[in-house]
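> Residue numbering for the sequence shown follows the numbering used here, starting at 54 and increasing by one per position.
Dumping the structure here so I can ask a few things about it.
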Amino acid sequence: MAARISQLSGLLELDTHIHIADIGAALLAETPVYAPLVQEYAQAQLYSFDGDPRQIAALQAHYGDKATVLEHYVGDGEPHTAYVCDAASGMTSLFKPSPAALDFFNGFDDFGRVLKTETVHTTRLDAIDAIERIDFLKMDIQGSELRVLQHGREKLRECVAIQLEVSFIGLYEGQPTFGDIDHWMRDNGYLPHRFMDIKRWSISPTVRNNNFRIPFNQLLEADAVYIKNPIALQHYSDNQLKRQVLFADLFFDSPDLAVYCLRELCARQVLGEQALRQYFALLNAPAEH
């Protein structure tokens with residue numbers, strides 16, 4: 054992966070920092086798509102957010118000097134009630150768990166059990182001075198994603214890709230769901246690109262193979278990727294096109310999107326035609342072991 058990152062940065066003639074923000078960055082089960090870039094590319098800067106103080110030490114230990122770890126509940130800048138659940142469940146939220154929704158799914162009445170409530174002060178993304186801009190944003194914050202987007206337009210002005218959790222059935226009272234997120238994204242210049250993961254779950258009380266975690270077909274949530282509108286490349290700066298190529302290849306396994314943006318860079322004469330040839334050679338090279 055280090056060699057691929059080096060080759061990509063070379064053919065793209067990258068000369069600026071890549072700013073990545075992860076809001077709700079608790080280290081629970083997944084490896085973020087940006088992890089190899091942060092580890093291997095010196096000019097990648099990660100801003101890692103979590104409002105739950107139980108998660109901060111683990112984030113600092115994991116990333117060391119590769120990230121700026123910030124203990125913020127990011128939102129609309131107003132005080133809210135935090136509904137604190139077991140740290141391992143990942144269900145602590147600024148929205149109250151919905152008893153009816155939790156009962157619908159096997160196991161969620163336990164996952165969403167509130168241990169305590171507390172008043173927390175949220176911070177608008179646009180008000181966080183530590184961040185100059187965001188090129189790629191990842192969010193998983195149990196229902197508060199739309200609030201962050203609505204109060205982060207300035208920091209996201211240069212952002213070309215956003216990965217965020219969307220819910221098909223809200224587990225919390227008043228939680229915005231997939232349609233609400235999709236509407237905002239399209240209104241603000243983004244189109245859906247892919248789902249990184251689609252989570253299904255079993256409906257109570259029926260259990261498959263004595264394991265309630267093995268799903269049937271009910272959609273629960275997904276990690277959706279939205280990208281700055283690729284049908285209107287005239288609204289991309291040269292540097293935004295370069296970053297989109299990088300993310301398409303390294304994060305999303307989308308070489309077609311990478312080639313699409315590379316061709317525009319060549320048409321603008323920002324890069325020579327050799328950049329396309331080098332990229333196709335990279336695509337056809339034997340996989341690293």
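Each residue gets a CB set at the ideal place from its N, CA and C atoms; glycine is no exception.
Predicted, not measured: the structure shown is a model, and the values here were computed from it.
Assign residue 238 to one of three DSSP states: helix, strand, or coil.
One-based indexing of the sequence shown puts residue 238 at position 185. The answer is helix: DSSP assigns residue 238 an H, G or I state.
> Out of 314, 324, 193, 226, which has the shortest C-alpha to C-alpha gap to residue 275?
On the sequence shown, residue 275 is found 222 positions in, with the first residue counted as 1. Comparing Cα-Cα distances from residue 275 to each of 314, 324, 193, 226, the minimum goes to 193.
> Which residues bound the alpha helix (DSSP H) around residue 109?
As a first step, residue 109 must be located in the sequence shown, where it is residue number 56. From DSSP, the alpha helix (DSSP H) with residue 109 extends over 109 to 116.
> Kindly give me the distance between the Cβ atoms of residue 58 and residue 90, rounded to whole angstroms, as I take these residues to be in contact under 8 Å.
Along the sequence shown, read from residue 1 onward, the residue named residue 58 stands at position 5. Along the sequence shown, read from residue 1 onward, the residue named residue 90 stands at position 37. Contact holds; Cβ gap of about 6 Å.
> For the beta strand (DSSP E) that residue 275 lies in, which residues bound it at each end?
Within the sequence shown, numbered from 1, the residue matching residue 275 stands at position 222. Here the beta strand (DSSP E) through residue 275 covers 271 to 281.
> Let me know the alpha helix (DSSP H) ranges lying completely inside the stretch 194 to 265, each 4 residues or longer, listed in chain order.
The qualifying runs are 198 to 203, 231 to 240.
> Out of 247, 196, 181, 242, state which residue places its alpha-carbon closest to the alpha-carbon of residue 226.
Taking the sequence shown and counting its residues from 1, the one referred to as residue 226 is at position 173. It is 196 whose Cα lies nearest to the Cα of residue 226.
> In chain order, what residues of the same chain have a beta carbon less than 6 Å from the beta carbon of residue 310, not counting five sequence neighbours either side?
The sequence position of residue 310 within the sequence shown is 257, counting from 1. Excluding residues within five positions, the ones whose Cβ falls inside 6 Å are 301.
> Closer than 6 Å: is that where the CB of residue 227 sits relative to any heavy atom of the ligand FAD?
The ligand FAD is absent from the structure shown, which contains no ligands of any kind.
> Just tell me which of 152, 189, 139 has its CA closest to the CA of residue 85.
Working through the sequence shown from its first residue, we reach residue 85 at position 32. Looking at the Cα atoms, 189 is the closest of the given residues.
> Using a Cβ-Cβ cut-off of 6 Å (strictly less than) and excluding sequence neighbours within five positions of residue 62, which residues of its own chain qualify?
By 1-based counting over the sequence shown, the position of residue 62 is 9. For residue 62, where only same-chain residues beyond five positions count, there are no Cβ hits under 6 Å.
> Mind checking whether residue 104 and residue 136 have CB atoms under 7 Å apart?
To locate residue 104, count along the sequence shown from 1; it is residue 51. To locate residue 136, count along the sequence shown from 1; it is residue 83. No, these two residues do not count as a Cβ contact at 7 Å.
> What span of residues does the beta strand (DSSP E) with residue 317 cover, start to end?
Taking the first residue of the sequence shown as position 1, residue 317 is located at position 264. Premise fails: residue 317 lies in the alpha helix (DSSP H), 308 to 320, not in any beta strand (DSSP E).
> Using only the alpha-carbon positions, how far apart do residue 250 and residue 71 sit?
Locating residue 250 in the sequence shown gives position 197, counting from the first residue. Locating residue 71 in the sequence shown gives position 18, counting from the first residue. Between residue 250 and residue 71, the C-alpha separation is close to 24 Å.
> Just confirm the distance between the C-beta atoms of residue 175 and residue 133, as a whole number of angstroms; I'd bet it's less than 8 Å.
In the sequence shown, the residue the question calls residue 175 occupies position 122. In the sequence shown, the residue the question calls residue 133 occupies position 80. Sure, about 6 Å apart at Cβ, within 8 Å.
> Please report the distance separating the alpha-carbon of residue 138 from that of residue 252.
If you number the sequence shown from 1, residue 138 lands on position 85. If you number the sequence shown from 1, residue 252 lands on position 199. Rounded to whole angstroms, residue 138 to residue 252 spans 20 Å at the Cα level.
> Take the Cβ of residue 204 as the centre, count every other Cβ of all protein chains shown within 10 Å, and call the residue buried at 16 or more, exposed below.
As a first step, residue 204 is located in the sequence shown; it is residue number 151 there, counting from the start. Classification of residue 204: buried, given that the 10 Å Cβ count is 16 or more.
> Going by the DSSP bridge assignment, what does residue 71 pair with across the sheet?
Here residue 71 corresponds to residue number 18 of the sequence shown, with the count starting at 1. Looking at the DSSP assignment, residue 71 forms a beta bridge with 97.
> Since residue 121 and residue 292 should fall inside the 8 Å C-beta cutoff, what is the C-beta to C-beta distance between them, to a whole number of angstroms?
Numbered from its first residue, the sequence shown carries residue 121 at position 68. Numbered from its first residue, the sequence shown carries residue 292 at position 239. Contact doesn't hold; Cβ gap of about 21 Å is too wide.
> At which residues does the alpha helix (DSSP H) containing residue 63 begin and terminate?
On the sequence shown, position 10 is the one that residue 63 refers to. Note, residue 63: alpha helix (DSSP H), 55 to 65.
> Is residue 332 helix, strand or coil by DSSP?
For the purposes of this step, residue 332 is taken as residue 279 along the sequence shown, with counting starting at 1. Residue 332: helix per DSSP, three-state reduction.
> Flag this pair as touching only if the stretch 317 to 325 and the stretch 210 to 228 have three or more C-beta atom pairs under 8 Å; answer yes or no.
No: the two stretches stay apart, fewer than three of their Cβ pairs being nearer than 8 Å.
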